[in-house]
Amino acid sequence: MARSARWAVTVASVVALVTAACGGDGGRAGRPGAGSEATFPVTLSDDEGASVTLRRPPRRIVTFAPSHTEILFALGLGDRVVGVSGAFDDHPPEAQGIEAVGTASGTEPNVEKVVALEPDLLVTAFIGGEWKDRLRDLGVPVFTTLAAGFDDAVDDIVTLGRLTGARAPARRLAEEMRRRAGAVEQRAQDEGRVTCFLELSDLFTVGPGSLEFDLLERAGCDPVTASADEPYPQWSVEQLVEDDPDVYLASEFGQGIEAVTDRPGIRELRAVREGDVHLVDGDLVSRPGPRLVEGLEALAQALHG
Amino acid sequence: MNRRRGLVLGGLLLALAAAVIVAVGVGTVPIRPWDTLRLVAWKLGLAARPVGVPESTAVILFELRVPRVALGVVVGAALAVSGTLFQALFRNPMADPAIIGVSSGAALGAIAVILATGGALSGGLAVSAAAFAGAVVVAFGVYRLARIGPAVQVATLLLAGIAVASVLSSVITMLMASSGEQIRSIYFWLLGGLQARGWDAVAASGPLVVVGVAVALLEIRDLNLVSLGEERAAQLGLEVERFKRTSLGVGALLAAAAVSVAGVIGFVGLMTPHILRLVVGADHRHLLPASVVAGAILMVLADLAARTIVAPEEIPVGAVTALLGGPFFLYLLRRQRGAVRA
């Protein structure tokens with residue numbers, strides 16, 4: 028599990044570099060003012076190096092990742108989404124009624140269900156999976172993006188805009204996200220940096236290479252987990268007590284703040300004694316979608332509140 | 290011969306003391322041995338509060354590391370004695386605390402609470418209590434299922450246990466598949482671990498384990514009798530049915546106490562008795578006391594490895610016991626070149 032995650036992140040960061048080098052927001056070089064009259068056919072390569080060519084804008088899209096459902100809705104393409112992964116595709120509320128294609132394991136879609144929906148594109152954030160080959164064999168193009176940082180996530184939105192013929196809305200959204208992120212980073216600079224720890228669950232935290240780690244740094248804190256070798260390691264309480272971060276952040280999924288603080292060692296932390304413990308909406312900071320900037324703002328609010 | 294066995298037990302006790310000292314002294318955050326000694330002396334009321342030692346060091350030592358090592362002793366002893374009892378009772382070398390569904394029952398109880406509370410972080414006492422209840426209910430449910438007329442056939446009990454355990458495992462798999470965001474909490478609860486449990490967990494499981502081990506030690510003579518076969522044991526005056534009920538109950542209680550605070554940790558219950566049989570023989574007068582100590586040693590060392598190998602990251606202790614325990618056990622098995630007896 029850890030190995031594939033690390034691999035995924037490596038792939039994602041390589042692709043992030045490539046995307047950045049191509050200039051995600053400038054449109055194709057040599058086509059000034061291409062505008063939203065999108066240029067089809069379009070050929071793009073995804074975070075796994077797969078090349079996808081679409082001759083016309085996709086009309087029936089299946090999303091297999093809540094982030095990608097959010098992105099398509101934010102680009103005004105909600106009515107083209109004919110399938111989503113499952114119960115986690117809960118935003119925006121209109122997405123909840125859409126047919127779910129995920130299997131019980133949640134890590135791959137039911138290929139038969141996808142094919143039955145007759146999609147002309149499937150977009151996902153899951154790296155790997157033989158199901159992709161099966162879908163491609165059956166004529167369904169599959170496009171994968173997995174962001175390992177804020178810029179990467181914004182670039183992916185622009186890329187998905189180009190792929191779906193929604194270039195202008197994607198560029199507007201990207202500009203808006205960058206502007207708000209810039210404001211957060213400016214504020215972080217003014218306020219000075221603090222140290223922090225973000226707990227996802229059961230002392231699982233984030234290390235360099237994860238999306239959340241990048242957000243924390245942008246929001247103005249230095250995570251005490253900077254030495255982690257993995258993007259999502261389980262952390263030692265001893266080390267946490269030793270490092271005694273200024274702010275303790277916990278990803279919220281309905282557990283309440285006492286469940287976080289009332290544990291051996293944790294209850295002795297300075298952040299806990301001084302009330303600097305904050306629950307943040309895990310969906311906002313972990314989904315590389317349009318609301319990522321809200322997650323960034325929520326983190327900044329918690330850190331500098 | 291008995292002298293040698295006495296030496297083995299003494300040696301094990303010394304080894305446990307050494308393991309405890311090392312496990313308390315070594316951890317993610319380095320603490321100088323001298324500071325550790327001074328802090329311990331202060332805590333025992335033998336010296337004044339040492340100056341120049343940060344407050345966080347005392348917290349790490351007394352709130353995290355010492356209870357963690359203590360919990361390792363409790364859990365290891367409980368699993369090993371439980372395994373020894375089940376292997377004797379079922380006269381089956383494969384028997385361990387998981388065999389009659391105890392671990393699955395505990396897991397199901399814990400998962401039910403994790404799902405009901407929307408993903409309580411591990412270490413919650415509600416999760417422990419539910420795990421304990423699940424384990425005990427399953428153990429006695431299996432016993433009732435296997436009961437035909439006045440007697441419970443050991444083979445029937447074993448088969449009923451295996452069947453119930455696999456049914457429960459399927460239920461757990463299905464619950465996990467549909468658990469959504471809680472799957473992470475469930476998954477890591479199942480992997481087992483002693484991280485961040487603290488004195489609460491020691492207080493919750495310790496007394497049960499002490500009582501369970503004490504009862505088991507009182508039953509040593511009967512365990513030897515039942516190893517001869519039920520018929521023979523009955524001829525020699527053992528109330529076989531009552532004995533089966535008691536030892537099943539004690540074994541389940543011990544396993545439940547361990548699983549409820551530390552999750553599902555494999556191999557310790559299965560391996561410890563086998564390793565010791567190669568050293569002290571199959572006589573429970575020697576085997577059982579040695580199991581108490583050796584189980585504790587194994588658990589303390591496995592947990593030490595789990596928290597130091599990739600520090601400051603942690604690896605699940607269940608993975609360590611399987612990874613180190615499996616090959617070591619195979620090595621012993623090959624070296625002995627003999628049959629494994631229960």
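Residue numbers (the working numbering), protein chains in the order written: chain A, 28 to 332; chain B, 290 to 631. All C-beta atoms, glycine included, are put in the ideal place defined by N, C-alpha and C.
Query raised in the report: When Cβ atoms are compared, which residues of the stretch 172-202 of chain A fall closer than 8 Å to chain B?
Result: none
Query - At least three beta-carbon pairs within less than 8 Å, the stretch 308-323 of chain A to the stretch 539-558 of chain B - result: no
Query - 6 Å CB neighbourhood of A/Leu-187 in its chain, flanking five on each side removed - result: Counting from 1 along the first sequence, the entry for residue 187 of chain A is found at position 160. For A/Leu-187, where only same-chain residues beyond five positions count, the Cβ hits under 6 Å are Ile-98.
Query raised in the report: How is A/Ser-63 classed by DSSP in three states: helix, strand or coil?
Result: What you label residue 63 of chain A is simply residue 36 of the first sequence in a count that begins at 1. Its pLDDT being 44, under 50, A/Ser-63 is placed unreliably by the model, and nothing is read from it.
Report task. Note down the Cα distance separating A/Gly-105 from A/Ala-122, rounded to an integer number of angstroms. Result -> The count along the first sequence starts at 1 and reaches residue 105 of chain A at position 78. The count along the first sequence starts at 1 and reaches residue 122 of chain A at position 95. C-alpha separation (whole angstroms): 8 Å.
Report task. Indicate the three-state DSSP secondary structure (helix, strand or coil) for A/His-305 in the structure shown. Result -> If you number the first sequence from 1, residue 305 of chain A lands on position 278. Residue state, collapsed to three classes: strand.
Query raised in the report: What does a CB cutoff of less than 6 Å around B/Ala-435 pick up in its chain, not counting 5 residues either side in sequence?
Result: Counted from its first residue, the second sequence places residue 435 of chain B at position 146. Answer for B/Ala-435: Val-441, Thr-445, Leu-446 and Ala-449, listed in chain order.
Query raised in the report: Within 10 angstroms of its Cβ, does B/Asn-291 collect 16 or more other Cβ (buried), or is it exposed?
Result: Position 2 of the second sequence holds residue 291 of chain B. By the 10 Å Cβ count, B/Asn-291 comes out exposed.
Query - Residues of its chain near B/Gly-614, where Cβ-Cβ distance is below 6 Å and the 5 sequence neighbours each way are ignored - result: On the second sequence, residue 614 of chain B is found 325 positions in, with the first residue counted as 1. Phe-556 and Met-560.
Query raised in the report: Relative to the C-alpha of A/Gly-219, which residue among A/Asp-249, A/Arg-206, A/Leu-242 and A/Thr-191 is closest?
Result: Here residue 219 of chain A corresponds to residue number 192 of the first sequence, with the count starting at 1. Comparing alpha carbon positions, the residue from A/Asp-249, A/Arg-206, A/Leu-242 and A/Thr-191 closest to A/Gly-219 is A/Asp-249.
Requested in this report: Compare the beta carbon distance of A/Cys-223 and A/Pro-258 with 8 Å and say whether it is the shorter of the two.
Outcome: Within the first sequence, the letter at position 196 stands for residue 223 of chain A. Within the first sequence, the letter at position 231 stands for residue 258 of chain A. For A/Cys-223 and A/Pro-258, no; Cβs fall outside 8 Å.
Report task. Go ahead and pull the three-state DSSP assignment for A/Glu-135. Result -> Here residue 135 of chain A corresponds to residue number 108 of the first sequence, with the count starting at 1. The three-state secondary structure of A/Glu-135, taken from DSSP, is coil.
Report task. Compare the Cα-Cα distances from B/Val-456 to each of B/Val-499, B/Ala-396 and B/Ala-405 and report the closest residue. Result -> Looking up residue 456 of chain B in the second sequence gives position 167. Of the listed residues, the one whose Cα sits closest to B/Val-456 is B/Ala-396.
Query raised in the report: So, does the CB of A/Gly-166 fall closer than 8 Å to a CB anywhere in chain D?
Result: The structure shown contains no chain D; its protein chains are A and B.
Query - Residues sharing a beta bridge with A/Val-69, DSSP - result: Walking along the first sequence from the start, residue 69 of chain A turns up at place 42. Looking at the DSSP assignment, A/Val-69 forms a beta bridge with A/Leu-81.
Query raised in the report: Are the CB atoms of B/Val-297 and B/Ala-505 nearer to each other than 8 Å?
Result: Here residue 297 of chain B refers to the residue found at position 8 of the second sequence. Here residue 505 of chain B refers to the residue found at position 216 of the second sequence. At least 8 Å separates the beta-carbon of B/Val-297 from that of B/Ala-505.
Query - CA-to-CA distance, A/Thr-70 to B/Trp-478, given in whole angstroms - result: Locating residue 478 of chain B in the second sequence gives position 189, where the first residue counts as 1. Locating residue 70 of chain A in the first sequence gives position 43, where the first residue counts as 1. Rounded to the nearest angstrom, the gap between the Cα atoms of B/Trp-478 and A/Thr-70 is 45 Å.
Requested in this report: Within 10 angstroms of the Cβ of A/Glu-241, are there 16 or more other Cβ atoms? Answer buried if so, exposed if not.
Outcome: Counting from 1 along the first sequence, the entry for residue 241 of chain A is found at position 214. It is Asp, not Glu, that sits at residue 241 of chain A in the sequence shown. With 16 or more Cβ atoms within 10 Å of its Cβ, A/Asp-241 is classed as buried.
Query raised in the report: In terms of residue numbering, what span does the beta strand (DSSP E) encompassing A/Ala-152 cover?
Result: Sequence index remark: in the first sequence, residue 152 of chain A carries index 125 (1-based). From DSSP, A/Ala-152 is part of no beta strand (DSSP E); its letter is neither H nor E.
Query raised in the report: Using DSSP with H/G/I as helix, E/B as strand and the rest coil, what is B/Gln-484?
Result: What you label residue 484 of chain B is simply residue 195 of the second sequence in a count that begins at 1. In this structure, B/Gln-484 counts as coil in the three-state DSSP scheme.
Query raised in the report: In this structure, does DSSP put A/Thr-252 in helix, strand or coil?
Result: Within the first sequence, the letter at position 225 stands for residue 252 of chain A. Reduced to three states, the DSSP call for A/Thr-252 is coil.
Query - the stretch 367-377 of chain B contacting the stretch 536-544 of chain B, beta-carbon criterion three pairs below 8 Å - result: Enough Cβ pairs lie closer than 8 Å, so yes.
Report task. Could you give the DSSP three-state label for B/Ala-611: helix, strand or coil? Result -> Along the second sequence, read from residue 1 onward, the residue named residue 611 of chain B stands at position 322. Correct three-state label for B/Ala-611: helix.
Query raised in the report: Can you tell me whether DSSP reads A/Gln-328 as helix, strand or coil?
Result: Numbered from 1 along the first sequence, position 301 holds the residue referred to as residue 328 of chain A. Of the three classes helix, strand and coil, the one that applies to A/Gln-328 here is helix, per DSSP.
Query - Close Cβ partners of B/Val-487 (< 6 Å) along its chain, the five nearest in sequence each way excluded - result: Start at 1 with the first residue of the second sequence, and residue 487 of chain B comes out as number 198. With the sequence shown as reference, residue 487 of chain B is identified as Gly, and Val is not the correct amino acid for it. The answer, listed in chain order, is Pro-356.
Query raised in the report: Beta-carbon of B/Arg-354 versus every beta-carbon of chain A: anything under 8 Å?
Result: Mapped onto the second sequence, residue 354 of chain B falls at position 65. True, the Cβ-Cβ gap to chain A drops below 8 Å.
Query raised in the report: Would you say A/Gly-209 reaches chain B, if we count a Cβ-Cβ gap shorter than 8 Å as a contact?
Result: On the first sequence, residue 209 of chain A is found 182 positions in, with the first residue counted as 1. Closer than 8 Å: no.
Query raised in the report: Going by alpha carbons, who is nearest to B/Leu-593 out of B/Gly-299, B/Ala-466, B/Arg-327 and B/Gly-314?
Result: Position 304 of the second sequence, counting from 1, holds the residue named residue 593 of chain B. Considering only alpha carbons, the answer is B/Gly-314.
Query raised in the report: Using a C-beta to C-beta distance shorter than 7 Å, which residues of chain B count as neighbours of A/Leu-230?
Result: For the purposes of this step, residue 230 of chain A is taken as the residue at position 203 of the first sequence. What A/Leu-230 touches in chain B: Gln-484 and Ala-485.
Report task. Under the assumption that A/Thr-134 contacts A/Asp-116 (Cβ atoms under 8 Å), give the Cβ distance between them as a whole number of angstroms. Result -> Mapped onto the first sequence, residue 134 of chain A falls at position 107. Mapped onto the first sequence, residue 116 of chain A falls at position 89. About 15 Å; that fails the 8 Å criterion.
Requested in this report: Verify the CB distance criterion: does B/Gly-615 have a CB-CB separation below 8 Å to chain A?
Outcome: Locating residue 615 of chain B in the second sequence gives position 326, counting from the first residue. Not closer than 8 Å to any Cβ of chain A, the Cβ of B/Gly-615 fails to qualify, so no.
Requested in this report: Determine the contact status of B/Val-582 and B/Leu-301, defining contact as a CB-CB distance below 8 Å.
Outcome: As a working note, residue 582 of chain B is residue 293 in the second sequence. As a working note, residue 301 of chain B is residue 12 in the second sequence. Cβ distance < 8 Å, so B/Val-582 and B/Leu-301 count as in contact.
Query raised in the report: Going along the chain, which residues of the stretch 312-336 of chain B sit with their C-beta nearer than 8 Å to a C-beta in chain A?
Result: Gly-316, Thr-317 and Val-318
Query raised in the report: Would you say A/Val-264 reaches chain B, if we count a Cβ-Cβ gap shorter than 8 Å as a contact?
Result: To locate residue 264 of chain A, count along the first sequence from 1; it is residue 237. True, the Cβ-Cβ gap to chain B drops below 8 Å.
Query raised in the report: Whose C-beta lies closer than 8 Å to the C-beta of A/Gly-53 among residues of the same chain, with five residues either side of it excluded?
Result: Residue mapping note: residue 53 of chain A aligns to position 26 of the first sequence, counting from 1. Summary for A/Gly-53: the model assigns pLDDT 35, below 50, so the residue's position carries little reliability, and this model does not support an answer.
**Report entry** Limits of the unbroken beta strand (DSSP E) element including A/Ile-88
**Finding:** On the first sequence, position 61 is the one that residue 88 of chain A refers to. If you look at A/Ile-88, you'll find it in the beta strand (DSSP E) that goes 88-91.
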